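Taking it in order: structure first as structure tokens, then the write-up.
Residue numbers (my numbering): 228 to 1436.
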């Protein structure tokens, strides 16, 4: 036990009994934990030469992150090898060292069968959970609930709006469900607070308050010879108020009518004698109380409806998880805890399973996790060791509850448990100056107070790898102030300049950029800080805390997807053309958007038209030509290649990846983000979705979710400044730390309509109306909560009025937010090992006041510059920068000039590029044919007269041409770029088909569109069902369906959706409507017998409905047929559809499906054998049939070509 501090030695050797370790920042807790595990396995740890644990399988170590678990495993393995315990070292990978979720997953998989679960259950990650929950919320809200006049939730939707801001129903549901997910009781833990007082009671209380005020006013008037305007007005106003309140009480007094009265009622001015002022104060409180109660009463039904809707959403969400055979992370914990409670035998098996249970970062746990762990640690926690530091609890937004940790410490220290209480209070990371500065701020009574964990400087200065070389003091504080008119963003710009200047000096003093980090409390200005640092010559990367979707390059990828899916989306196209991908100038955009008419006059045109013209005419700058060439190639691949491949091709061909490579660290970060975006697109297309659907999914991710971490490319030569949030820095250390934007307390948690706060197993909620008269808000603002020594948490349970409850809750949330923000600042300060640069721009911010009182007492910071004593080895330097309006304007001009300076823009040069020549598109060319063109060759066989039946014409109507080279049903499928929810889009599709009378019959077109809509709109796992009557009406109307045809259409729809084939189709894992294909058919050489040789050609078409369970399982193909005759012999029908069946089968089997079943459903003809079912013609083909199918298609193709030659008979 050489080389340990006394506290470390005590922690390591105490294995037989409960242990409470309070581990300060940089105190070597991971080292201590790993040594404790090794010691427990070492002979002699249990006395008499015995080891306390026989095998590492008897040790359970729970960490906060997977990274921490891997680190502990690596250290334990190394330590065991050093101690000669090689056999145990080999078992480390299988040891119970993991996150709590990893432990629970392992337990569930071992007992899944006995619990009635599938052992192969999957886990839903955070982002997937958010996506799935958002989808369930969207389902529950519905498309038009804001317009409903009835229903359970119509009033809620109208009052708050279905979607949009945080105070919309969507936003409030998301917030409630986020909180509920971490609780065993879920939404059952939510409390809405006291029921508001009745309106008549409030009116009577108001009347009494006005009467009391009136009495004081009249007393003051009696004592005054010359009454002023204030008293006279007060007398008249109070008298009128009393009379009006009497009338209100005698009538139908409601909360709404009382609110309306308050909005226009008299509120006396607070000017006069002390007695009068006191009376006015009392009246204002009464008015504020009444207004708050009335608002709470008006919102109460909405709050109850919101809670009921949240329960419905949660039920939908859990059902979706069950359908997937999945659990989310919180559900994983609840499932194991429930299993322990309901299966005593299972709980007993784990009660003595482990001899050593250690939990790291215990300050970041919640009650659910504590309850889970309690089943594993024995009676009175005899086998439990927890490690934590309340000063570093900063994850409340993830459900962590520091009060749970405080209660845990109290229990461990109690006589009942009697845990050994050890403090690891030697910091091996930071210089004494950093530790002294932290203590100066946080030991203040109003900050951490008596609970502050003092840290001694424990490092050996002679062994520091990167000692401080700076010429400035280690603590260098900067305040940026401004004259009137200099705003917050302007001050932030100068704060960034101050940080950059100090980093520059440190670099000149010998520090590398890799030594420096900028920690931010919020990332809203992170890009601006990065720009300033780069302007000063620093490579700079935003490495953590920023949401992935917030980066411009990620949004550019989304715009590119939208533009590729819909070329008419000029807004997205503009974003791509002006982004770093192509970098077009204003002149380029003018060239694209301007054309000359016959008279030579300039006329506007769309960007899409301009690109087509540039491709044909070859005009424009080198940048424009690069954009045209790249996008032309990309559009040619849409529908034939995977969306991710098309996007990756644009990124490659445009040269943007090359430019990123040349841009140093920032370019590497941008490249990592765009490549991560491409991987995300790959995920969205994995189910076979086309580019339009992938684009919608990606856009939804960017706008609604996108809380992933930024992408990262590893580099062995990292030498750049990092920018990250304080939360992202937890567990890390840096020689030099600058702090900014971390001094204010966010107010959004207390300013919204919905207040939500979880504390000690209860979720306290309060809802106020979204809209209120300004006068009401002003009245409410006068409410003052009575001061009390009772803790706010206890006051919440004691409060009897709804208005008081909301005010207590608001103050409780504000207090908790302030304390959390202080802990964040402590974590930020203790990340520094050598020097600290705190920078602030608002002196009134709460944490700046903490800094001011710590360094200046009751005084103030120096006017300009000065030195401040914080108890460290040297004085801190303080600098105050005052920004004038002139300096602000000059800085803005300089920034504008800097922004206009264009950097080199590398563009790939293709020396062997073939000039583009426009070629007219032909549906059936020398190397491309469709089923409909082949069917012409056999028209005399199938139809007799050569005229095609209505059902075949309908097939042709939906067999639209596909892009050249389409070869895969999985890659080539690209749904319509129109939004599924856009009614006008479906009208436009239907109208465009209806206009082509030569290619479609009215009824057939309408049926196909309605069937397609049903497939597209179907929820996963749901049966096929026809769209709403309104949708059917719209499609029928657009397709020109007559009254007689409408009856036929409805009969056909009923017959199809009630058919066994529709039911069977819905049982497949994937259903896709209108699936285009283009498959190559091998040619045939001239064999000398007189037959003409044939070159390879492509067979194209579109399948009405494709159903499959994966490419290794049989596929089902459905083709709808309208028209026909009821008395057609089955043999003729079998022959009639044979060619189409063989063409479709060849395309499907070429995709690797082992077999294909094809069903031609005659939706207008009832099956004589099975009434109510449509007639069906069925075929089945297997892989072995491919050569025969190719031969049939080839011969039919030859016959079609021969028939079309001049002189052919």
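The beta-carbon is built from N, C-alpha and C at its ideal position, and this holds for glycine as well.
Just so we're clear, the structure is a prediction, and the values are computed from it rather than from any experiment.
Please classify residue 900: is it buried, with 16 or more other beta-carbons within 10 angstroms of its beta-carbon, or exposed?
-> buried
Contact set for residue 451: own chain, Cβ-Cβ below 8 Å, skip 5 residues either direction | 458
Measure the C-alpha to C-alpha separation of residue 607 and residue 236 and round it to an integer number of angstroms.
-> 24 Å
For residue 1336, does the three-state DSSP call read helix, strand or coil?
-> coil
Among 478, 753, 1367, nearest to residue 952 - alpha-carbon criterion = 753
Taking only beta-carbon atoms, is residue 800 less than 9 Å away from chain D?
-> Annotation note: the requested chain D is absent from the structure, which comprises a single protein chain.
Which class does residue 374 belong to by DSSP, given the choice of helix, strand or coil?
-> Residue confidence is low: residue 374 scores 42 on pLDDT, short of 50, so the model does not pin down where it sits. No coordinate-derived value is stated.
So what does DSSP say about residue 1083, is it helix, strand or coil?
-> helix
What are the boundary residues of the alpha helix (DSSP H) that includes residue 750?
-> Residue 750 -> no alpha helix (DSSP H), and no H or E assigned at all.
In chain order, what residues of the same chain lie with their CB nearer than 6 Å to the CB of residue 731, ignoring the 5 residues before and after it?
-> 763
Would you mind stating whether residue 1368 and residue 1385 have Cβ atoms separated by less than 9 Å?
-> Contact flag set, yes.
Are there 16 or more other CB atoms within 10 angstroms of the CB of residue 853, so buried, or fewer, so exposed?
-> buried
Are there three or more Cβ pairs, one per stretch, closer than 8 Å when the stretch 907-921 is compared with the stretch 798-818?
-> No: fewer than three Cβ pairs fall under 8 Å.
Contiguous beta strand (DSSP E) assignments of at least 3 residues, all confined to the stretch 532-577 = 553-555
Are the stretch 609-625 and the stretch 988-1004 in contact at 8 Å, needing three or more beta carbon pairs?
-> no
Cβ pair residue 1118, residue 720 closer than 9 Å | yes
Applying the criterion that 16 or more other CB atoms from any shown protein chain within 10 Å of the CB defines a buried residue, is residue 1389 buried or exposed?
-> Buried, since its Cβ has 16 or more Cβ neighbours within 10 Å.
Taking 8 Å as the threshold, find out whether the stretch 657-672 comes into contact with the stretch 1050-1067 through three or more Cβ pairs.
-> yes
May I ask you to list the residues that DSSP assigns as paired with residue 323?
-> 287
DSSP beta-bridge partners of residue 683 | 653, per the DSSP bridge assignment.
Answer with buried or exposed for residue 480, where buried requires no fewer than 16 other C-beta atoms within 10 angstroms of its C-beta.
-> buried
Since I believe residue 414 is in contact with residue 534 (beta carbons under 8 Å), could you give me their beta-carbon distance rounded to a whole number of angstroms?
-> 7 Å
Where are the alpha helix (DSSP H) runs, 4 residues long or more, that stay fully inside the stretch 990-1061, in chain order?
-> The stretch 990-1061 is shown to contain whole alpha helix (DSSP H) runs of 4 or more residues at 1001-1007, 1019-1025, 1029-1056, in chain order.
C-alpha gap between residue 307 and residue 315, whole angstroms | 7 Å
If residue 857 sits next to residue 794, beta carbons under 8 Å apart, how far is it from one beta carbon to the other, in whole angstroms?
-> For a cut-off of 8 Å, the C-beta gap from residue 857 to residue 794 is around 14 Å, too long to register as a contact.
Sufficient close CB pairs (3 or more, under 8 Å) joining the stretch 434-446 to the stretch 1018-1027 = no
Can you list, in chain order, the residues of its chain whose CB lies under 7 Å from that of residue 251, leaving out five sequence neighbours each side?
-> 616, 651, 652, 654, 680, 682
Please go through the stretch 1388-1416 and give each complete beta strand (DSSP E) segment of 3 or more residues, from N-terminal end onward.
-> 1401-1409
Given a cut-off of 9 Å, decide if residue 260 and residue 330 are closer than it, judged by their beta-carbon atoms.
-> Not closer than 9 Å, so no.
Per-residue DSSP class, three states only, for residue 331 | helix
Cα-Cα separation between residue 1401 and residue 1328, rounded to whole angstroms | Inter-residue distance for residue 1401 and residue 1328 is about 24 Å (C-alpha atoms, whole angstroms).
Residue 1216, DSSP secondary structure in three states | Annotation note: pLDDT 47 at residue 1216 (below 50); position unreliable, no value reported.
For residue 891, collect the residues of the same chain with a Cβ closer than 8 Å to its Cβ; drop the 5 residues on either side in sequence, then sort them by chain order.
-> 766, 947
What's the call for residue 959, buried or exposed, on a 16-neighbour Cβ count within 10 Å?
-> exposed
With distances taken Cα to Cα, identify the nearest neighbour of residue 818 among 1398, 320, 830, 244.
-> 830
If you compare alpha carbons, which of 1076, 878, 1326 is closest to residue 809?
-> 878
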